[in-house]
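For the record, in the sequence shown the residue sitting at position 60 is 111 according to the numbering used here, with numbers rising by one throughout. Glycine included, every Cβ here is placed at the ideal spot set by N, Cα and C. A quick note: this is a predicted structure, and the numbers were derived from the prediction, not measured. Data block below; observations after.
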Amino acid sequence: MLLKDKIEKHLLEIQKPSRYIGGEVGSVIKDKSKVDVRFAFCFPDTYDIGMSHLGMKILYSLTNERELLVRALLCSRRGF
52 MLLKDKIEKH
62 LLEIQKPSRY
72 IGGEVGSVIK
82 DKSKVDVRFA
92 FCFPDTYDIG
102 MSHLGMKILY
112 SLTNERELLV
122 RALLCSRRGF
């Protein structure tokens, strides 16, 4: 079975698909060619929990003040 077929099989099961597209209010987009370090925060819970976590917001804000490329990665409880 192709990956495309596996994904399509589960598309209708996805709840709140907008959590996967990015572009949230307050997100910072930096020019990749102008940063020295790339960094990702990983939060082992759903998007809704991770993005409302105060500690995550503070760390995201502090690191985005520097010349780092920061991404917030959140785990879904059920992946495919």
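Here E75 has M102 as same chain residues with Cβ atoms under 8 Å from its own Cβ, once five neighbours each way along the sequence are excluded. Per DSSP, S103 is one residue of the alpha helix (DSSP H) stretching across Y98 to S103. Where V88 is concerned, the enclosing beta strand (DSSP E) starts and stops at V88 to F94. Comparing C-alpha distances from V79 to each of A91, E59 and I65 shows the shortest one belongs to A91.
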